Every structure is written in structure tokens, then in C-alpha cells.
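Report on one structure; see the data block that follows.
Residue numbers (the numbering used here): 1 to 697.
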């Protein structure tokens, strides 16, 4: 900051006529360097005296006040070695109306061999006349509070026409008075107004938000002074005026963005209005830059997802102003914006229907603009409910494989994602991994359709499992083992394919076995199995023979049964009468009229009277002829049903009217004979009858 401020301490680089007289001499502020290019003289051609006998040419006057005593030197170095600078020092404590002779004076001519001049610690002369080759004079011994005047002149004529700026550097042990280097006076650094320009060499810039740019310069004062008391500031339209404090700007005025303006700081000693340092000025330059801003009205689009009626808008993404350093505040209404109330709390995720919000834009320089953000929905994703039908899976007929990608839910382009539930579709979770082969039963899934703007809608898809369609007329059949039949699947199917290779509705001349047929309905094929069973043959479980009557007992098969003794003539009754003694065939068939089953029976010889007297005639009942039958049993019962005799193999299946070795009383007795025929079914035969026993003893 100190370096910056020193830059403003009397860095003069242009013609300043008002400072070219002793009475308007510029006050030197401290031991700061001076750069200047004098041109012409002031209002008065001063009486210079001493070595300066030819008067003023291109001159400037400085007033010097000593802060601390000691030696004082300076180096005056022209920027062009062909320039010829003369100078004189007056004082101490003289006034312009009575300067007297200079106490140091140098008009030496050293062009081309080193044009530098001034005071140094080695020279012993106090004056050098024109044409002299001694450019330096002896230093000054100075005391605190003394004031001196320094006159500098760039001497030119037709033989020496060079005009060039000079730079002056102070030396020695003394210091020059300045309020700007005294920490007891300037307690804080001054703060230059505005901000640095893009080119640091250019004046600082003060941003004006309004247009036209009417500016009150006094609003800068407090900021520049930065709390330093007893300093005053004036504002000027030229550097000359700033250096002298002339023609200050006193009222607000419309500023010109192309011009450079100046401020001039000077100290005002409250105890001594005549203190020489009061006229010491520090100046600075600044410009104005039009900073008023204009916001861009923007339309912001977002997704009205699933037609919810609202969307989430990122208001911060609206390009209402290009400078990223600007701050933005968002409001629902212009009244809220103007009042600074009800600011939108989360503009990056603002949920709203279509409408308008307002943004207050404040630039880094404090300039404000208002822009409108129109909230619009992107075109909605249009979806419709769809239904997919698919054929049952044979191993699990309640399910089917659905290709969800074929569901006609939209005609718009977009990305489709498939979900098992509405919640998953809304949250974009648990997506179906293989939508082209989705195994499911009757139900629904949901498709999230997302377009290029990231907007989505959710469509419901009904899943319908097409169940197997079976023939209602094709039934299992029972036929005789030796027969053939016809299987008919019935009409109404678009195609048939039988296990026999036939493709007709019916197949004929098929026997006992298992068959299948593929029945096509639409796109689905149902495999239906049908069986042809051999009918169950009846079984003659037993035969009861009583005298000439034969009763046939049948199980199995399907009634009604038919009975025959010759396989030709049939009767419905199982009782066969008038069957003569001897061997006979019994035929039986059931309702299916298949080949009959048959057995061979024996109707034994009937004995109704025996006279067991030993005469060899009708002495016994003899069934030994049935001895080859299985399980032959021959029992005798009295009239009370008590068994009194059992004939077996040991007694030759004979009974001679005795029991326990004693003759039974004369009377009627009952007997029964049972056996199993030697056939595949071991048919039980039961023969019963009665016999009269006559014992004469």
C-alpha cells in the first residue's frame, strides 16, 4: 500500500503552468522521488538571481520543509543526456516576494558528457555559472522546520533544443516533512477507491450501477481516509488541479466513463493552519466504469414426471446472468423480491407447477438486476396401459414366459425399464433383469419410459397367462382287449398332431394303449393325453351246484352279466337249471360283450338214498371220483346242522352211514362237497344235497 501511495506523490508528467511560479510552488512531501517534464514558464518571469542570468525557460518550483536536520542532497537526472537542466535553491525561510540570492545555484553546461546535476557530499562549490563544467554543488546543512524553494529549469535555445523529463532523488541524512510519512499524523493507510483495472497501469475503476451515471464524489471520502483524522479530500477533473487543490468537484454530477478523475488528500493541522505540511498533497487517479447489469429472462424446463402436475426445477441453472461471481436470490413473486421476503429456500430443487419466479441478481460491484424465470414442463411422456398374453408353460401351467419388451405402451422414443411393482418403478429400484423372458403368473408389471430429457412416465402392463385348452370330448375309453376304437379330439382347434403322426381331428383303428394329441388354439399348443383301457374281465368266483341247478357267482367286470352253457345261447340269470350230470362248460361275459370267460364244472352223480347193510347195493355215498380236485371237502350234517362226518383222502371221500364207527339212525341227512377247480382262477365249486339213510339194524 505504501508503495502504491508513493506512486501518487507528485508524479508529474504533463504541462502544469500553474505550478511554474514560486507563489504556486508544489510542496515536496517527504523524501519521495519526483519525476517531471517542465514546459514553459509560469505567469511571472521570476527574478532568479545568482547564476541564472538568462531568466526562465521551461521551469517548475518546489517548496521543501525539513522534518529532521542533517545533510541534504539530490540527484537530478534527465531522461535524455542532451537536455541541459539548471537549478537554484533559496532559503531558508524566505518568501516568494523576497527570495534573495540563491544559496546554491548551478547553470553548468555538461551536455553530452553526463547531464546529471544536483547537490552531493563531495562538491565544495555553492554556485556554477553558465558554461561551467561542474554540475554538482555542495550539500546543504538543514535544520528541522526550515523551508526552502527549489527552482528547476530545462534551458533550451537553437543550439540546445532538447526537451526531456527529469527524475529527482533525495539523499543525505535529513528528512523532508510530510504528513503521509508521520505515523503520529497518518495512523492508518489510505484506501484507494474502486478496484484495479484489467491493466494494473491504468487508473482504478469505480463501478456505477445507474445510467445516466450521476455520482456523489463525497461518498468516496470516508473509505479513502480509512479513519485518519485531520485529513481532507477534494476531487478534480485534472491532475494539475489535484496537485494544487484548484477547482474541486463540489456537487454530484454526471460522470464521463472516458475521463480520468483525481482525488487530492491534504493534511489540515488543527493547531497550526499555517503549517507548511498543510499544503502537501497526495493524489490518486480513478475512472468510472458503467456497471449496470441486465438480467436475462430465461425459460427453464423440467420433467412433469408421470404427469404428477409438478416438476423439480434447478433455478440456479437458469442462465440469467453470465458473471459467476454475482449472487442470486429467488422469489415466487415480484412483490416478495422488492420487499426482500419469502426467499425460495432451496432453489436447486424447487418443486413447482408451471409458472414464473423472479431472481434478484447482484453483481460483485453491488449492481442489481431482476430477471424472470418461466417454468415450463417438457413434453410429457405419453404411455398407455397394455396387456400381454402368453401361452402357459407346460411344466407349470399357471405361469408363462412374457417378452415385456413387446408391450405397446408408447409410440414415442425412449428408454424402457421394467419393474415388478409400481413402487419400484417410481423409485427406480429392483428392475427386472431379463424382461425378454419374464416368467410370471397372471398379474401386472410396470414399465418406466424415459425420454431424452430425462422425463418419464409409468405404464401398467397386464399379464395374462393363456391356460391350456383341452378337448372336452376326448375321454379315456374302455374297450375289449381284442377290439379297436376311434379317438376324436373334437372340433374348434386350429391344428392337431397325434402321437401316431396323424394330423386329423380323429384317429381310428387304435387299440389298447396311451396316446397324446397336440391341440393348437391360436398361438398356444396343449398336449392332452388319452388312454384306452382294456375292459376288466369278469371272474367266476364260485359255483353252487344243487342237484341239476347251477348258480354261477361272478365278480369283476362290468354288469350286467350274461351266462351260457354253450357260448351261443345266453341268459341274464346266473341260475342255470336242468344241468345233467357230468362235465360242463360255463360261459360268462359282462356289459362290454368281450370274448367270454369260461370254466369247466362237474355236476356229480346225485345219491339220495343209501342202505348201508353191506349187500353191495347203495351202501355208501362215494365222491372219490372228485379226488383230483383241489381242496376237496365232503361233510355230512344231521337235520340240526351238526356235522357228523367229514370225508377226506384217508377215507376215500366215502360215507357209509356211520359216525364214530356206529350206524346213524335212519333219517334224512345233508351233505356238502366243495372244491377248487383246476383253472387259472381256482374257481370254488360248492355242491350240496340230501340223502336218506336207511339202517335196518
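No residue lacks a Cβ here, since even glycine has one placed at the ideal position from N, Cα and C. Since the structure is predicted, the reported quantities are computational estimates derived from the model, not experimental observations.
Check: Would you check if the distance between the CB atom of residue 310 and the CB atom of residue 351 is smaller than 8 Å?; Outcome: yes
Check: Taking DSSP as the reference, what is the three-state secondary structure of residue 491?; Outcome: coil
Check: Tell me which residues share the same chain as residue 439 and place their Cβ nearer than 6 Å to its Cβ, disregarding the 5 neighbours each side in the sequence.; Outcome: 399, 401
Check: Can you tell me the Cα-Cα spacing of residue 424 and residue 370, whole angstroms?; Outcome: 42 Å
Check: Evaluate contact between the stretch 180–191 and the stretch 36–55, counting only Cβ atoms and requiring at least three cross-stretch pairs below 8 Å.; Outcome: no
Check: Run through the DSSP bridge pairs and tell me what residue 692 is partnered with.; Outcome: 609, 668
Check: Which word fits residue 364, buried or exposed, when buried means at least 16 other C-beta atoms lie within 10 angstroms of its C-beta?; Outcome: exposed
Check: Around the Cβ of residue 631, are there at least 16 other Cβ atoms within 10 angstroms (buried) or fewer (exposed)?; Outcome: exposed
Check: Could you spell out the range, first to last residue, of the beta strand (DSSP E) harbouring residue 70?; Outcome: 70–78
Check: Three-state secondary structure (DSSP) at residue 223?; Outcome: helix
Check: To the nearest whole angstrom, what separates the beta carbons of residue 476 and residue 533, a pair I think is in contact under 8 Å?; Outcome: 7 Å
Check: Answer yes if the stretch 464–473 comes into contact with the stretch 487–504, meaning at least three C-beta pairs across the two stretches below 8 Å, and no otherwise.; Outcome: yes
Check: Tell me which residues share the same chain as residue 688 and place their Cβ nearer than 8 Å to its Cβ, disregarding the 5 neighbours each side in the sequence.; Outcome: 544, 545, 546, 670, 671, 672, 673
Check: Would you please state the rounded distance, in angstroms, between the beta carbons of residue 552 and residue 540? I believe it to be under 8 Å.; Outcome: 6 Å
Check: Please name the residue, chosen from 226, 536, 224, 211, that lies closest to residue 481 on a Cα-to-Cα basis.; Outcome: 536
Check: Decide if residue 151 is buried, meaning its Cβ has at least 16 other Cβ atoms within 10 Å, or exposed.; Outcome: buried
Check: Just grab the DSSP bridge partners of residue 359 for me.; Outcome: 330, 371
Check: Comparing C-alpha positions only, which one of 193, 162, 121 sits nearest to residue 174?; Outcome: 121
Check: How many Å lie between residue 527 and residue 489 at the Cα?; Outcome: 11 Å
Check: Tell me whether the beta-carbon of residue 234 lies closer than 8 Å to the beta-carbon of residue 227.; Outcome: no
Check: In chain order, what residues of the same chain have a beta carbon less than 7 Å from the beta carbon of residue 498, not counting five sequence neighbours either side?; Outcome: 507, 515, 517
Check: Just mark residue 694 as buried or exposed, buried being the case when its beta carbon has 16 or more other beta carbons within 10 Å.; Outcome: exposed
Check: Between which two residues does the alpha helix (DSSP H) carrying residue 300 extend?; Outcome: Here residue 300 belongs to no alpha helix (DSSP H); instead the beta strand (DSSP E) covers 298–302.
Check: Can the beta-carbon of residue 285 be found less than 8 Å from the beta-carbon of residue 260?; Outcome: yes
Check: Tell me the residue span of the beta strand (DSSP E) that contains residue 513.; Outcome: 513–521
Check: Considering only residues of the same chain and omitting the five flanking positions on each side of residue 148, which have a CB-CB separation below 7 Å?; Outcome: 64, 89, 90, 91, 92
Check: Compare the C-alpha of residue 243 against each of 422, 433, 266, 584 and name the closest.; Outcome: 266
Check: For residue 626 and residue 652, what's the separation of their Cα atoms in angstroms?; Outcome: 10 Å
Check: Evaluate residue 585 with the Cβ neighbour count: other Cβ atoms within 10 Å of its Cβ, from every protein chain shown; 16 or more gives buried, anything less gives exposed.; Outcome: exposed
Check: So if DSSP puts residue 498 in a beta bridge, which residue, or which two residues, is it bridged to?; Outcome: 517
Check: Less than 8 Å between the CB atoms is what I'm expecting for residue 177 and residue 108, so what's the real figure, rounded?; Outcome: Not really, about 30 Å apart at Cβ, beyond 8 Å.
Check: Go to residue 201, then tell me how far its beta strand (DSSP E) extends in each direction, as first and last residue.; Outcome: Here residue 201 belongs to no beta strand (DSSP E), and DSSP marks it neither H nor E.
Check: List the residues that DSSP assigns as beta-bridge partners of residue 140.; Outcome: 72
Check: Name the DSSP beta bridge partners of residue 250, please?; Outcome: In DSSP, residue 250 forms no bridge with anything.
Check: Which word fits residue 341, buried or exposed, when buried means at least 16 other C-beta atoms lie within 10 angstroms of its C-beta?; Outcome: exposed
Check: Using the three-state DSSP reduction, which class does residue 400 fall into: helix, strand or coil?; Outcome: strand
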